[in-house]
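Asker:
Number of protein chains: 2
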Amino acid sequence: MKENEVLCRSRAEHHTLTEAELETIGLRNEAPSTSLSTKIQKIRCSGSTAKSLLFKFFPILKWLPRYPVKDWLLGDIISGFSVGIMHLPQGLAYALLAGLPPVIGLYSAFYPVLLYFFFGTSRHISVGPFAIISVMIGSVTDSLEPSGKYMEAVNGTNVTIVNETLRDAARVELVGALAFLVGIFQIALGLLQFGFVATYLSEPLVRGYTTAASIQVLISQLKYVFGVTVKEYAGPLSIIYTFLEVCSKLPNTNVGTLVTSLVAMVSILLVKLLNDKIGKKLPIPIPIELLTIIISTVISYFAKLNENFGISIVGEIPSGMRPPQAPKVHYFEKVVGNAFAIAMVSYVIAISLGKIFALKHGYKVDSNQELIALGLSNFVGSFFQCYSISCSMSRSLVQESTGGNSQVAALVSCLILLVTILKIGALFEQLPKAILASIIIVNLKGMFKQFRDIRMLWRSNVTDLLIWVVTFIATIVLNLDMGLGVAVAFSLLTVIFRTQMPHYSILGQVSTTDVYRDVAEYQKAEEIPGVKIFRSSATIYFANADLYAEALKKKCGFDVDRLVEKKKKALKKKQKKDKKEAKKAKIKTVCDSGSNNLAFVNIDMEARPQEQGNDTAATAANGSVTDLAPQTQSQPQPSGKPTLHSLGLKKPPLHSLILDLTPVNFVDTVCIKTFKNIFKDFQEIEVDVFLVGCHASVITQLERGNFFSQTITKQHLFPSVHDAVTYVTRNRGESLPQTVTDNNATKM
Amino acid sequence: MKENEVLCRSRAEHHTLTEAELETIGLRNEAPSTSLSTKIQKIRCSGSTAKSLLFKFFPILKWLPRYPVKDWLLGDIISGFSVGIMHLPQGLAYALLAGLPPVIGLYSAFYPVLLYFFFGTSRHISVGPFAIISVMIGSVTDSLEPSGKYMEAVNGTNVTIVNETLRDAARVELVGALAFLVGIFQIALGLLQFGFVATYLSEPLVRGYTTAASIQVLISQLKYVFGVTVKEYAGPLSIIYTFLEVCSKLPNTNVGTLVTSLVAMVSILLVKLLNDKIGKKLPIPIPIELLTIIISTVISYFAKLNENFGISIVGEIPSGMRPPQAPKVHYFEKVVGNAFAIAMVSYVIAISLGKIFALKHGYKVDSNQELIALGLSNFVGSFFQCYSISCSMSRSLVQESTGGNSQVAALVSCLILLVTILKIGALFEQLPKAILASIIIVNLKGMFKQFRDIRMLWRSNVTDLLIWVVTFIATIVLNLDMGLGVAVAFSLLTVIFRTQMPHYSILGQVSTTDVYRDVAEYQKAEEIPGVKIFRSSATIYFANADLYAEALKKKCGFDVDRLVEKKKKALKKKQKKDKKEAKKAKIKTVCDSGSNNLAFVNIDMEARPQEQGNDTAATAANGSVTDLAPQTQSQPQPSGKPTLHSLGLKKPPLHSLILDLTPVNFVDTVCIKTFKNIFKDFQEIEVDVFLVGCHASVITQLERGNFFSQTITKQHLFPSVHDAVTYVTRNRGESLPQTVTDNNATKM
């Protein structure tokens, strides 16, 4: 019974597909008909969306009322506490990285996090200062407000020193303006539902980029580790100049600083390893970074490291909040490009991390709402001396692994930061900068692991490896902003490359099935005599249309162009001869009106193809919808267009060409032109051309592009290779090949 | 009989496709096997190519010995004569356009043409000076050697005038260096077989570009038509500034110049129309441009137009050739960008025109050899004070329509130019520049017709229209070099756009055939109960992979993510409960070794999926190749992974999801990740996922990308939608839905 059912659904009946059936699948009629039911459905879908819109823009309204206090609150408090005490050292360190006074890092860990609590859709990411965004901002501050701009002569002497107060004030205004623009960009993109732009930053690109950025971060921190002073470079190659200068100044290393850094790094690293191993058994991981800065501050304070050993320290950290300030408009013009780059990178890092957690815990992040949430965090933060934020991978991992379930954890961390800013911050003025550099460097460990991608991608996808490597090199060489531009351009170009050099193949039938495969790759795939089935592995458009036509002619097995040329020459000769004969005939039978001379008919046909075209089109439109075949009507007509045979030329070794267009995604004018030329050339040498597997959208585009004419009709379309093959083998049989254009001849 | 044959080939047998058969088509075995015969073929192909290489680089060796003197020579001489006398006025005019002394235009119409005779493969194009290339060069000379640089005080007065001799000498050196670089670029690209780069300049782009260039040419000539002096602008917006300045200076129009131009334009236009009408009856078309310059020179000479009416004239035209000069290397750095743009545009115009003629006359142009030929023309020409050349559309049309059959016509035109340069040129010193401007403007007529493209493209392909318009505007606003860059970048981006927002559809079966079409578009297409067939119209890659997954889940008709989330929650609850129970059980039966407790099995399964995986893989590799189904082995196993049913959750309304991947061209890591997630999510909620219509190259890429695992096997691939549907309906029948992962459970 069941077996029968299967057979009923099988293709057996299909081969008697009537024209009416073909019509229903859009291969014969003018345009696909949209069913009424779908239209009704569409109308129903709109309406009652106001409430969902509110929930969309204020996700907190949706989740907070449903917050499972009993299950989640404890985890959130523990997690918030852990994250909060991570914010302190990281905030100070990342502010240093951005070339800003340390307190700015604390502000940036407070206001934006608060905003994200209300607008964010990810439950586990920890927004706030992040190394890569900080180093991007650092390159802006270095180039627009360099220390060199604030050199002042020390009273009465020739020695000049940097007026750090002035410089820092200017830099804070600069990064405020930058954060303002970043926020505007993100909110605008979010409202315009442009969250998808993040997809241009594909995973290999982001990983290559963040790896290169980590190198940048590392090199920018070397000066603190070795305690040397290095000029501030900006623009392309700056990281390489910085590295070279650090190397050249290694002899001037401040040994105290170096020792401090090494001790700090080793101890943080060891404790982090310990945390990974026994972390599950502790309620919160050992806050080694906090411990390190506390211990080192205490040592620094009592041993007077700064005065005795010349170890540079963090310096003044003001207590308390500052009133909001409007952003400085005059910076906008200079930083708009950087702002866009930072907006994109900040978003991409947040959304990719958010998606990873969402997938793990089975919820969803809304990419557009995330843009808006980050944008608002940056926008509002910019009024309160914050700099641009993203989310930090290390903090987010801690937030999730210590049992955080929602952004309530972030709220808890905000409380801890509030206390820090108001009361505790000022205690850390004696903290050596080398310690902060060590914290930054150790936190890069995870990033450097991304170098393993190279090996993994080499095995799995070479093009993606290329994207990774080009992004990495461009970012190292051209710096973070231009590097990103180059990387995006390159990764988009790879799409062109991948489709431009496709794999062209001739297909053959696999034993007696309806499956067709590349004859060069599968031994069991056999070509059907007289039929070539050609397929390109890529869509056909302006960049590869010519190559497609060339490959097709090459794979045909005979010189198509040569045969066309030969036929044209022979035709010219014949016409000349016919003309002469006609002249002779005219002279002879000048009185006979209504001459039935063969040559005349020929010449007339050439002279007014347009009229014939109209006739044929009209006939086709009126009746004969049930014609199965383009040629069924036509009989071998000696009075038609001269055939290869009548011109004394050898027939080509095939009578039908089937072009498999299943991989075609869209059609442009160049593609249509190419197909028209293919049809023209092959019909000229009496080979029927069929297009199979066109998707509905492709057919619509072909129609709009005026592809179909009297010589290329919808009769040349088939849903699959097998349908076309069946049609060809059934209708052609052993009879002589004739071109579709012969049709016209019968109408004469 | 025949009907029987057709049925034999039909799909009827296919549904009993054995695993062995599936193996032959690459859906079950490890890698497709390349047949021996193709390997042998490849080896045979190489060899005996030295002769064909010689013919390739010196096409003249091939065609000249076979030159049909009797048939072609007369036509070539007439055509060469017509083209030669067109070269004279055009050469002078285009040199003016490029801001060069007129004789340079004559040189450029001589040396490069001679070179192309030897190396070119097109039989009908007329290489030499061309308006668009000339205006591109004009913008370079204006910006690098502006007249302002050569101002000199007239003896003893305050008035300064331009020292034209010095300026022109510098400009000739500049364009020589430019032509040298253009030649180098073209030869290099040709030798590297990079002829395909021209495909990046798609037809809509080239037409939009040339239209904008014509506007540039027109505006640059207005000053000569009105006889006003205008500053030389360079860089973006220069053409708009020029236009505004011409407009503001209209009150200063030199009436004599304006009248001269108008008379010349009207008469040239009228005679050209006449030529079009009765041209066929004349041996050569009326050389109206030549006549105009002769008549106007005579009038100018006798009426002393320059002295009496202030009409500016061409000025000195030296007679004779000049010895070759090495290019000035110091210009290279400044013009390298322009040289590349000119090299590309020059090549694209020549090759597109060449292909049109080749198609018409049934021969072939070799795109790489054309690059080499043009490159050699420019390269050698650069030593003889030529500027960069391309081919002129108007001259080429004349060459073809007056009966030219080969580049012998070009040789004839060279002879005429040689005579002109040596003897006649100097006679044209009194020629008004306004006449040359008129000739240029009238020759633009054909270009302006390209505005019709807008209407045509609006109807046929909106994306291509967008390319046209963006190219046009960018070229007008940003000038010819930067405009080209923007246009190419934009046209490549359209490929991204076109694939990024594809049409997603759910397919249904058309009556009882094996054809599947979009159910929203075709009423007769009906969904199969419990089976969703999903298709995107575009290839799936980093820029749209996320959107694909989203669209899929949206179209499924139920909230996939919600169900996955629910299941995860229920599973957690159950595990907790089970753990508690297990603890209790353990306490109770602590002595009973070999416990068969259900809950334990469950937890164990979760704990070591890796080991299981290895087992399963090994079993699969060893035997059971003839398994038809992934699930045939599995029986409903209560001890397996908890099912939706056992967790008290409702089953989703479908049991199978079929993803039609026929439009997929290539696969990247992002795409693989997306598919893995789709498999994971749907298998989690007990929906089987099948991929159908993957091309061989896609399967290879999936393999390399480690797509296949214990949960995603090649058993999930089918050659077509219908195969998968038949498989699903046959194997599932009315039985309960089970996931493929159940397989593992049976091995326990």
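Order-wise, the sequence lines are chains P and Z.
Everything in the first sequence is counted per my numbering, starting at 1 for the first residue and increasing by one.
Everything in the second sequence is counted per my numbering, starting at 749 for the first residue and increasing by one.
The C-beta atom is built at its ideal place from N, Cα and C for all residues, glycine as well.
#1: Please name the residues in the segment 1245-1265 of chain Z whose beta-carbon is closer than 8 Å to at least one beta-carbon of chain P, in chain order.
#2: Would the segment 1415-1434 of chain Z count as touching the segment 420-438 of chain P if we require 3 or more Cβ pairs under 8 Å?
#3: Strictly below 9 Å CB to CB, what residues from chain Z border P:D559?
#4: Z:V1011 lies in the alpha helix (DSSP H); which residues open and close that run?
#5: Just verifying my parser: in three-state terms, what is the DSSP assignment at P:C414?
#6: Using a Cβ-Cβ distance under 9 Å, would P:S261 count as near chain Z?
#7: Can you find a CB in chain Z that lies within less than 9 Å of the CB of P:N405?
#8: Give the straight-line distance between the Cα atoms of P:G190 and P:S388, rounded to the nearest whole angstrom.
#9: In whole angstroms, what is the alpha-carbon distance linking Z:K1025 and P:K584?
#10: Roughly how many whole angstroms lie between the Cα atoms of Z:N1454 and P:I288?
#11: Sort P:Q450, P:T475, P:E703, P:E686 by Cα distance to P:C694 and report the nearest one.
#12: Between Z:I788 and chain P, is any beta-carbon pair separated by less than 9 Å?
#13: To the nearest angstrom, how far is it from the Cα of P:S537 to the Cα of P:R517?
#14: Locate the alpha helix (DSSP H) running through Z:G1256, then write down its first and last residues.
#15: Starting from Z:K1302, trace the beta strand (DSSP E) both ways and give me its first and last residue.
#16: Can you tell me whether Z:S996 is buried or exposed, with buried defined as 16 or more other CB within 10 angstroms of its CB?
#17: Out of Z:L822, Z:F928, Z:L854, Z:Y1079, which one is the CA nearest neighbour of Z:L836?
#18: Mark P:G787 as exposed unless 16 or more other C-beta atoms lie within 10 angstroms of its C-beta, in which case mark it buried.
#19: Helix or strand or just coil, what does DSSP make of P:T726?
#20: Taking the runs of the beta strand (DSSP E) that are 3 residues or longer, which of them lie wholly in the segment 653-726 of chain P?
#21: I'd like to know whether the C-beta of P:R459 is nearer than 9 Å to at least one C-beta of chain Z.
#22: With distances taken between CB atoms, is the gap from Z:F944 to Z:M1141 smaller than 9 Å?
#23: Measuring CB to CB, does P:D660 end up less than 9 Å from P:I533?
#24: In three-state DSSP terms, what is P:Y301?
#25: What residue from Z:S830, Z:Y864, Z:V851 has the CA that sits closest to Z:I808's CA?
#26: Does the Cβ of P:A487 have 16 or more other Cβ atoms within 10 Å, making it buried, or fewer, making it exposed?
#27: Look at the alpha carbon of P:D668 and the alpha carbon of P:Y541, and state the distance between them as a whole number of angstroms.
#28: Is Z:V1415 close to chain P, meaning its C-beta is less than 9 Å from at least one C-beta of that chain?
#29: What is the residue span of the alpha helix (DSSP H) that Z:K997 lies within?
#30: Determine, using beta-carbon pairs with one atom in the segment 1098-1111 of chain Z and one in the segment 1236-1255 of chain Z, whether at least three such pairs fall under 8 Å.
#31: One question on the structure: do Z:S986 and Z:D890 come within less than 9 Å of each other, judged by their Cβ atoms?
#32: CA-CA distance, Z:K1301 and Z:V1437?
#33: Could you check which residue in P:G138, P:N158, P:N163 has the C-alpha nearest to that of P:Y150?
#34: At the level of alpha carbons, what is the spacing between Z:I1215 and Z:L953?
#35: Z:K1112 versus chain P: which residues are under 8 Å apart at the beta carbon?
#36: If you follow the beta strand (DSSP E) that P:R322 is in, where does it begin and where does it stop?
Answerer: The answer reads as follows:
#1: Against chain P - using a Cβ distance shorter than 8 Å - the residues of the segment 1245-1265 of chain Z are R1246, T1247, Q1248, P1250, H1251, S1253, Q1257, V1258, S1259, T1260, T1261, D1262, V1263, R1265.
#2: When Cβ pairs closer than 8 Å are counted between the two stretches, the segment 1415-1434 of chain Z is seen not to touch the segment 420-438 of chain P, the count staying below three.
#3: One-based indexing of the first sequence puts residue 559 of chain P at position 559. Simply none; closest approach about 10 Å.
#4: Position 263 of the second sequence holds residue 1011 of chain Z. Looking at the DSSP string, the run of the alpha helix (DSSP H) that includes Z:V1011 is 1003-1026.
#5: As a working note, residue 414 of chain P is residue 414 in the first sequence. If DSSP states are grouped into helix, strand and coil, P:C414 belongs with the helices.
#6: As a working mapping, residue 261 of chain P is identified with position 261 in the first sequence. Chain Z has no Cβ within less than 9 Å of the Cβ of P:S261.
#7: For the purposes of this step, residue 405 of chain P is identified with residue 405 of the first sequence, where counting begins at 1. With 9 Å as the cut-off, P:N405 does not count as an interface residue toward chain Z.
#8: By one-based count along the first sequence, residue 190 of chain P stands at place 190. By one-based count along the first sequence, residue 388 of chain P stands at place 388. In this structure, the CA atom of P:G190 is about 17 Å from the CA atom of P:S388.
#9: Mapped onto the second sequence, residue 1025 of chain Z falls at position 277. Mapped onto the first sequence, residue 584 of chain P falls at position 584. If I take the Cα positions, the gap works out to 29 Å.
#10: In the second sequence, residue 1454 of chain Z corresponds to position 706, counting from 1. In the first sequence, residue 288 of chain P corresponds to position 288, counting from 1. Cα-Cα distance, rounded: 39 Å.
#11: As a working mapping, residue 694 of chain P is identified with position 694 in the first sequence. Comparing Cα positions, the closest option is P:E703.
#12: Start at 1 with the first residue of the second sequence, and residue 788 of chain Z comes out as number 40. The predicted model places Z:I788 with a pLDDT of 45, which falls under 50 and marks its position as unreliable, so this point remains unresolved.
#13: Stepping through the first sequence from its first residue, residue 537 of chain P is reached at position 537. Stepping through the first sequence from its first residue, residue 517 of chain P is reached at position 517. One C-alpha to the other measures close to 12 Å.
#14: Taking the second sequence and counting its residues from 1, one reaches residue 1256 of chain Z at position 508. Taken as a continuous stretch (DSSP letters only), Z:G1256 belongs to no alpha helix (DSSP H), being part of the beta strand (DSSP E) at 1252-1258.
#15: Walking along the second sequence from the start, residue 1302 of chain Z turns up at place 554. Z:K1302 -> not in any beta strand (DSSP E); alpha helix (DSSP H) instead, spanning 1293-1303.
#16: On the second sequence, position 248 is the one that residue 996 of chain Z refers to. Exposed: under 16 other Cβ atoms inside 10 Å.
#17: For the purposes of this step, residue 836 of chain Z is identified with residue 88 of the second sequence, where counting begins at 1. Out of Z:L822, Z:F928, Z:L854, Z:Y1079, the CA that lies nearest to the CA of Z:L836 is found in Z:L854.
#18: This structure does not reach residue 787 of chain P, given that chain P is present from 1 up to 748, and the question cannot be answered.
#19: Position 726 of the first sequence, counted from the first residue, corresponds to residue 726 of chain P. Looking at P:T726 - three-state DSSP - the assignment turns out to be helix.
#20: Counting whole runs of 3 or more residues, the segment 653-726 of chain P contains the beta strand (DSSP E) stretches 656-660, 688-692.
#21: For this step, residue 459 of chain P is matched to residue 459 along the first sequence. At a cut-off of 9 Å, the C-beta of P:R459 has a neighbouring C-beta in chain Z.
#22: As a working mapping, residue 944 of chain Z is identified with position 196 in the second sequence. As a working mapping, residue 1141 of chain Z is identified with position 393 in the second sequence. The answer is no: Cβ separation not under 9 Å.
#23: The residue you call residue 660 of chain P lines up with position 660 of the first sequence. The residue you call residue 533 of chain P lines up with position 533 of the first sequence. Yes; because the gap between Cβ atoms is below 9 Å, this pair is in contact.
#24: On the first sequence, residue 301 of chain P is found 301 positions in, with the first residue counted as 1. Note: P:Y301 maps to helix in three-state DSSP.
#25: Taking the second sequence and counting its residues from 1, the one referred to as residue 808 of chain Z is at position 60. If you compare the alpha carbons of Z:S830, Z:Y864, Z:V851 with that of Z:I808, the shortest gap goes to Z:Y864.
#26: Position 487 of the first sequence, counted from the start, is the residue given in the question as residue 487 of chain P. Residue environment for P:A487: buried (at least 16 other C-beta atoms within 10 angstroms of its C-beta).
#27: Residue numbering aside, residue 668 of chain P sits at position 668 when the first sequence is read from its first letter. Residue numbering aside, residue 541 of chain P sits at position 541 when the first sequence is read from its first letter. Their Cα atoms are separated by approximately 6 Å.
#28: Reading the second sequence from its first residue, position 667 is the one you call residue 1415 of chain Z. Residue contact check for Z:V1415 against chain P: a CB pair falls below 9 Å.
#29: Here residue 997 of chain Z refers to the residue found at position 249 of the second sequence. Per DSSP, Z:K997 belongs to no alpha helix (DSSP H) and is neither H nor E.
#30: Short answer: they don't touch.
#31: Position 238 of the second sequence, counted from the first residue, corresponds to residue 986 of chain Z. Position 142 of the second sequence, counted from the first residue, corresponds to residue 890 of chain Z. Cβ distance < 9 Å, so Z:S986 and Z:D890 count as in contact.
#32: Within the second sequence, the letter at position 553 stands for residue 1301 of chain Z. Within the second sequence, the letter at position 689 stands for residue 1437 of chain Z. Using only the alpha carbons, I get a separation of about 13 Å.
#33: Taking the first sequence and counting its residues from 1, the one referred to as residue 150 of chain P is at position 150. Nearest C-alpha to P:Y150: P:N163.
#34: Here residue 1215 of chain Z refers to the residue found at position 467 when the second sequence is read from its first residue. Here residue 953 of chain Z refers to the residue found at position 205 when the second sequence is read from its first residue. Annotation: Z:I1215 to Z:L953 spans about 6 Å, alpha carbon to alpha carbon.
#35: On the second sequence, residue 1112 of chain Z is found 364 positions in, with the first residue counted as 1. For Z:K1112, the C-beta contacts it makes with chain P under 8 Å involve D561, in order along the chain.
#36: Numbered from its first residue, the first sequence carries residue 322 of chain P at position 322. First-last for P:R322: undefined, no H or E at that position.
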